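Everything below concerns the one structure shown next.
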Amino acid sequence: MFIKVPKGTQDVLPENISKWYYIEGIIKEILNKYGYKEIRTPYFEYTDLFVRGIGESTDIVTKEMFTFPDRKGRSLTLRPEGTAPVVRAYLENRMDRISKVVKLFYLGPMFRCEKPQAGRFRQFNQFGIEIIGTKSSAADVEVILTVLEIYKKLGLKNIETAINSVGCKKCRTKYIQKLKKYLESKKDFLCSECKLRYVKNPLRVLDCKIESCKGIIEDAPIITENLCQECELHFTEVKSYLNGQKIIFHEDPRLVRGLDYYTKTAFEIISGGLGSQNAIGGGGRYDDLVEELGGKSTPAVGFAAGLERMIIAIDQQKVEWPTEKGLDVFVAQVNENNKNTVFRLLQEIRNNGLSADMDYSGGSLKSQMRMANKIGAKYTIIVGEEELSKNMLILRNMQTKEQKEVKIDNLINELS
Ligand code: AMP
1 MFIKVPKGTQ
11 DVLPENISKW
21 YYIEGIIKEI
31 LNKYGYKEIR
41 TPYFEYTDLF
51 VRGIGESTDI
61 VTKEMFTFPD
71 RKGRSLTLRP
81 EGTAPVVRAY
91 LENRMDRISK
101 VVKLFYLGPM
111 FRCEKPQAGR
121 FRQFNQFGIE
131 IIGTKSSAAD
141 VEVILTVLEI
151 YKKLGLKNIE
161 TAINSVGCKK
171 CRTKYIQKLK
181 KYLESKKDFL
191 CSECKLRYVK
201 NPLRVLDCKI
211 ESCKGIIEDA
221 PIITENLCQE
231 CELHFTEVKS
241 YLNGQKIIFH
251 EDPRLVRGLD
261 YYTKTAFEII
271 SGGLGSQNAI
281 GGGGRYDDLV
291 EELGGKSTPA
301 VGFAAGLERM
311 IIAIDQQKVE
321 WPTEKGLDVF
331 VAQVNENNKN
341 TVFRLLQEIR
351 NNGLSADMDY
361 SGGSLKSQMR
371 MANKIGAKYT
381 IIVGEEELSK
391 NMLILRNMQT
401 KEQKEVKIDN
411 LINELS
């Protein structure tokens, strides 16, 4: 029996890799335009980073992390998200010394041991952006604008932006007390998960998708009606910048997101046609995280988006993928008598900046032509004894099917 790919993971096969290159290319192009610099952090970190960063009682930390000891018994975790590692790297590398405001982006695999379903994987890819060092509400809006521009450039339609403010330590603590008081009399009717959340992380009850909880949540006190003056002003500014940019958004007072580090602005981007896993990205402000991880108090805001869901959305919305560039030249040989010449030619074509390949299995000319067709070669060169004796080759245009004899010395000119 073959060993299969682990549950919740998938291979990206060669026929699909161009989709990834395309999306990654657009992400990098736009992030470059907005002044973000790429950072690559390890795929695993000390577990403590995520426990302290994401929050002890979050779903990610309590049940979704892939955690294992190293050989000396230190607890390591495959990164479930990118913000805590980026902040760790920011602090460790004293990036605040480079500039007051640092703009970073990352792109790569994340790991969460969730129940796999359409659009939900155990290994998935995210790109994320972080602006560290400013409390300006303009930065929150820049983050939203940046990601919306990426989705637009990819041709995605039916994109909705939901925003909320989850307040700061001060006003949120007061709000949570109010929420707990409200939930107190109703806690027996909450789902089993929310009964636990009610004790450990009552804000997360607001996010519950179970019908019985939804009814209770509907009448719960609303966080945006309980913000302190500073948070309220910040939220008003965010909305005003968004309106100024003619960005269509809606306010969702139940939007709290699954990571504890958010303060003030929280937002989510939703794409039509994705079913229940319709969030293609989300983010917000996290003004306490740098301090939480040992740095001095430093405001920051960021966003993360899942690439698999972007690909699914593009496919479902039937947006055209760019056509793949095929091979420039396939080199076919009539027989193996001249294999040295064929090999030399193949390499010479590549040395001139064109892509070229041949069939090493030494099949018949017919099967070599089939292979050239299959890999979408633009030209095939046929190396035959008779032509070689005249220092010539046959050049076949695979699209027009026209064939002509060309001089070996003139081959590169003919191809370019
Ligand atoms: P989060 O880091 O939870 O804020 O998620 C940000 C984005 O990452 C989501 O909106 C999804 O697009 C994507 N994402 C999160 N978890 C998964 C998963 N298990 N599988 C695929 N994509 C995911």
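In this text, residue positions in the sequence shown follow the working numbering: the first is 1, and each later residue adds one.
Ideal Cβ placement from N, Cα and C applies to all residues, glycine included.
Fair warning: this is a prediction, and the values are worked out from it, not measured in the lab.
- Fully enclosed beta strand (DSSP E) runs of no fewer than 3 residues occupy 102-111 and 123-132 of the region 95-145, in order along the chain.
- Residue environment: residue 372 is assigned as buried (16 or more neighbouring CB atoms within 10 Å of its CB, all protein chains considered).
- Around the beta carbon of residue 12, fewer than 16 other beta carbons sit within 10 angstroms, so the residue counts as exposed.
- Taking the C-beta atoms as reference points, residue 165 is found no nearer than 8 angstroms to residue 28.
- A residue is called buried when at least 16 other Cβ atoms come within 10 angstroms of its Cβ; residue 245 does not meet this threshold and is exposed.
- DSSP, reduced to helix, strand and coil, places residue 220 outside both helices and strands of the structure shown, so it counts as coil.
- Not one heavy atom of ligand 1 falls within 7 angstroms of the beta-carbon of residue 233.
- Residue 347 has its alpha-carbon roughly 59 angstroms from the corresponding atom of residue 207.
- Taking non-hydrogen atoms of ligand 1 into account, the C-beta of residue 79 is found less than 7 angstroms away from none of them.
- In this model, residue 322 and residue 148 are separated by some 20 angstroms (Cα to Cα).
- Excluding the 5 residues flanking it on each side, residue 77 has same chain C-beta neighbours closer than 7 angstroms at 44, 45, 47, 50, 65, 66 and 67, in chain order.
- Selection 226, 249, 125 and 9 evaluated against residue 21 yields 125 as nearest (Cα-Cα).
- Beyond the five residues adjoining it in sequence on each side, residue 138 comes within less than 7 angstroms, by CB distance, of 241 in the same chain, given in chain order.
- Annotation: the continuous alpha helix (DSSP H) that includes residue 367 extends over 365-374.
- A contact is defined here as three or more CB-CB pairs under 8 angstroms, and the region 153-172 meets this definition with respect to the region 313-322.
- Within the region 278-330, the alpha helix (DSSP H) runs of at least 4 residues that lie entirely inside it are, in chain order, 289-292 and 307-316.
- Linking residue 376 to residue 284 through their CA atoms gives a straight-line distance of about 45 angstroms.
- Linking residue 204 to residue 249 through their CA atoms gives a straight-line distance of about 22 angstroms.
- Judged by beta-carbon spacing, residue 252 lies beyond the 8 angstroms limit of residue 356, meaning their Cβ atoms are not closer than that value.
- Beta-carbon to beta-carbon, residue 128 and residue 304 are separated by about 4 angstroms, close enough to satisfy the 8 angstroms threshold.
- For residue 379, there is no enclosing alpha helix (DSSP H); the residue is part of the beta strand (DSSP E) that begins and ends at 379-383.
- Distance from the CA atom of residue 339 to the CA atom of residue 333, rounded to whole angstroms, is 8 angstroms.
- Looking at 150, 169, 366 and 341, the one whose alpha-carbon comes closest to that of residue 387 is 341.
- If the five residues before and after residue 224 are omitted, its C-beta is found closer than 6 angstroms to the C-beta atoms of 165 and 253, all from its own chain and listed in chain order.
- Relative to ligand 1, even the nearest heavy atom lies 7 angstroms or more away from the CB of residue 267.
- In the structure shown, residue 334 adopts coil according to DSSP, grouped into three states.
- Under the three-state reduction of DSSP output, residue 357 falls in the strand class.
- Within the region 155-222, the complete beta strand (DSSP E) segments of 3 residues or longer fall at 159-165, listed in chain order.
- For residue 266, same chain residues with a beta-carbon under 6 angstroms away, outside a window of 5 residues either side, are 164, 166, 255, 257 and 284 in chain order.
- Runs of the beta strand (DSSP E) lying entirely within the region 5-72, each at least 3 residues long, are 44-46 and 67-69 in chain order.
- According to the DSSP secondary-structure assignment, residue 404 is paired through a beta bridge with 395.
- Between residue 187 and residue 198 a beta carbon distance of about 5 angstroms is seen, short of the 8 angstroms cut, so the two are scored as contacting.
- According to the DSSP assignment, residue 232 belongs to the alpha helix (DSSP H) that extends over 229-244.
- The DSSP-derived three-state label of residue 92 is helix.
- If you look at residue 390, you'll find it isn't in any beta strand (DSSP E); DSSP assigns it neither H nor E.
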